[in-house]
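Engineer: Just passing along the structure, written as structure tokens.
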Amino acid sequence: MTSQNSLPVPVTAQPAGALTGTISVPGDKSISHRALIFGSLAAGTTTVKGLLEGEDVLRTAAAMRQLGAQVTRNKDGSWEVTGNGVGALREPDDVLDMGNSGTAARLLMGLVASCPFTTFFAGDASLHKRPMGRVGRPLEEMGALITSRSGGRFPLGVTGRNLMPIDYELPVASAQVKSAILLAALDTPGITRVTEPKPTRDHTENMLRHFGAAVKMSAREDGGRVIEYQGQQELTPADIIVPGDPSSAAFIAVAASILPGSDVTITNVGLNPLRDGIFITLKEMGANIEIMNLREQAGERVGDLRIRASTLQGIEVPPERAPTMIDEFPVLFVAASFAKGKTVMRGLEELRVKESDRLAAMAVGLKACGVTLEELDDGLIIDGNGSAPMGGGRVVTHLDHRIAMSFLILGLAANNPVTVDDGRVMETSFPGFIDLMGSLGAKMAREQAE
């Protein structure tokens, strides 16, 4: 894993020609985390193919080993996860270091909340700034004890107890909080209910079903959903093929849309209806995206995408769509910078508490690249003129992988090169990003150390 204490590695994207080729992207990060977790809770061995081998997921693999599971990588690139069943985790002999992974941190807090021991968590400087209180509050309501810094931030300790089921309404739509509660409910007797105001990604529910558990979901008249889980069900090992991450595919889809003459096919992309908002939005903007070979894989919808260059138009993105594409807004901001007219994107308060304040960081970087925009409390309004922005900026990534990749995509189609201050962070979710983009014809290069 990359040390965040080593020297930064700036990366520059040069204006490029058309992108062409057929590629696959790394495995879905959300599903990869959950495959390791649920494989570790089933009594027996689960084989996982296509696992994202980025830093965030490797943190989860290391944590599950510390909690008593056997997690090994085979020579063919597949992974084997052997667990001892629900309720059979062991006390780790060291702190669980979550690195930069908010997903791993929040899910594992829920997982250990019902374990009869104390688990200590830490992470990097960025993760220590991120709020954990909204996960901690429902876990404490169930009976866990959480000791933390002011504001419920890392480092912290979770002391597991015999939990009580709860009926919890999420104050804001969050798949991570919902999943933390469901993981805490696994070894909790009785029925735990989680009500979400808007549907959020349902990978946890899908994977529970894939491992043989029953999960009940019902829709509310106001558009929300109620998820019910009867605790202390046994999980059965179930092999998994992880689809390509739609968040990673989004970078390539935007690049192929804004670089004239491009024609790129991305195979095996996860197209979960609660994760495909970026592709719906790009198509509404005029992007030429064709979905082919739709199929189901381990409870998830999967397909191949063909993206050809197109002329984009500004639109107003429905705020209620935000939960289905929250991680993809940084690269959508880039697409909007090349569109003709205003693109209004609101309902994005969640972006202020990601790996960085993504709204503020993207606004600063886009302005440095000549983009006209207005920053709102809950979003951005980008006013494009239908042509390439000036570019030429040197962007501060704030150790945020999605900011780094978004501005490198902008640099490929801008009038002047764009440099990000540290490309190492891209390994978090998209290992091999520079090389894969290069195979399509992109021009990206790391700065050589003097």
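All residue numbers for the sequence shown refer to the UniProt record's numbering, where the first residue is 1 and numbers rise by one. Yeah, the Cβ is synthetic: ideal placement off N, Cα and C, and Gly gets one too.
1) Touch check for the stretch 52-67 and the stretch 104-119: three-plus C-beta pairs under 8 angstroms?
2) Between which two residues does the alpha helix (DSSP H) carrying T103 extend?
3) Ordered along the chain, which non-local residues of its own chain (more than five positions away) have a Cβ less than 7 angstroms from that of G160?
4) Specify the secondary structure class of K283 as computed by DSSP and reduced to three states.
5) Can you tell which of A43, Q14, T188 and H33 has its C-alpha closest to the C-alpha of A238?
6) Measuring alpha carbon to alpha carbon, tell me which of P246, V194, A363 and R394 ends up nearest A219.
7) Could you tell me which uninterrupted beta strand (DSSP E) segments, each at least 3 residues in length, are contained entirely in the stretch 321-386, listed from first to last along the chain?
8) Buried or exposed: where does T281 fall if 16 or more other Cβ atoms within 10 Å of its Cβ makes it buried?
9) Measuring CB to CB, does A445 end up less than 8 angstroms from T12?
10) How many Å lie between I403 and S429 at the Cα?
11) Where does I31 fall in DSSP's three states?
12) Hey, how far is the Cα of F279 from the Cα of M345?
13) Can you tell which of N268, T45, Q233 and G393 has the C-alpha that lies nearest to the C-alpha of P417?
14) Within a Cβ cutoff of 6 angstroms, which residues of the same chain sit near R149, ignoring the five residues on either side of it in sequence?
15) What is the residue span of the alpha helix (DSSP H) that A405 lies within?
16) Taking all protein chains shown into account, do 16 or more other C-beta atoms lie within 10 angstroms of the C-beta of A255, making it buried, or fewer, making it exposed?
17) Could you work out which residue in V215, K443 and Q448 is closest to Q14 when comparing CA atoms only?
18) Take the Cβ of A125 as the centre, count every other Cβ of all protein chains shown within 10 Å, and call the residue buried at 16 or more, exposed below.
19) Quick check on R90: buried or exposed, where buried means 16 or more other Cβ atoms within 10 Å of its Cβ?
20) Return the residue from the list I252, L271, L67 and I31 that minimises the CA-CA distance to V302.
21) Per DSSP, which residues does E427 bridge with? Please list them.
22) Would you say P8 and G54 are within 8 angstroms of each other, going by their C-beta atoms?
23) Contact check, L52 vs D76 under 8 angstroms by CB: the rounded distance?
24) Using alpha carbons as the reference points, say which of E375, V334 and E447 lies closest to A414.
25) Output the distance between the C-alpha atoms of A175 and T200, rounded to the nearest integer angstrom.
26) Which residues mark the beginning and the end of the alpha helix (DSSP H) in which F272 is found?
27) Do A249 and M285 have their beta-carbon atoms positioned less than 8 angstroms apart in this structure?
28) For D421, I'd like the list of residues in its chain whose CB is within less than 8 angstroms of its CB, leaving aside the five on either flank, ordered along the chain.
29) Going by C-alpha distance, which of D378, Q70 and S262 is nearest E350?
30) Could you check the C-alpha separation between S24 and A253 for me, to the nearest Å?
31) My output table needs one value for L63: the three-state DSSP class, helix, strand or coil.
32) Classify N268: buried if its beta carbon has 16 or more other beta carbons within 10 angstroms, exposed otherwise.
33) Between the alpha carbons of V353 and M132, how many angstroms are there, rounded?
34) Of the choices L436, S439 and H401, whose alpha-carbon is the least far from that of G423?
35) Can you tell me whether V135 is helix, strand or coil according to DSSP?
36) Which residues mark the beginning and the end of the beta strand (DSSP E) in which L305 is found?
Structural biologist: With the given structure in hand:
1) yes
2) G102 to V112
3) V112, A113, S114, C115, P116, F117 and A144
4) helix
5) A43
6) V194
7) 340-345, 372-376 and 379-385
8) buried
9) yes
10) 12 angstroms
11) helix
12) 15 angstroms
13) G393
14) none
15) Residue 405 is actually Met in this sequence, not Ala. Its alpha helix (DSSP H) spans residues H401 to A413.
16) buried
17) K443
18) exposed
19) exposed
20) L271
21) Beta-bridge pairing links E427 to no other residue.
22) no
23) Actually they are not in contact, since the Cβ atoms of L52 and D76 sit about 16 angstroms apart, beyond 8 angstroms.
24) V334
25) 5 angstroms
26) The sequence shown places Asn at residue 272, not Phe. N272 -> no alpha helix (DSSP H), and no H or E assigned at all.
27) no
28) P8, P10, R394, V395, V396 and T397
29) D378
30) 12 angstroms
31) In the sequence on display, residue 63 carries Ala and not Leu. Reduced to three states, the DSSP call for A63 is helix.
32) buried
33) 10 angstroms
34) H401
35) helix
36) E300 to R308
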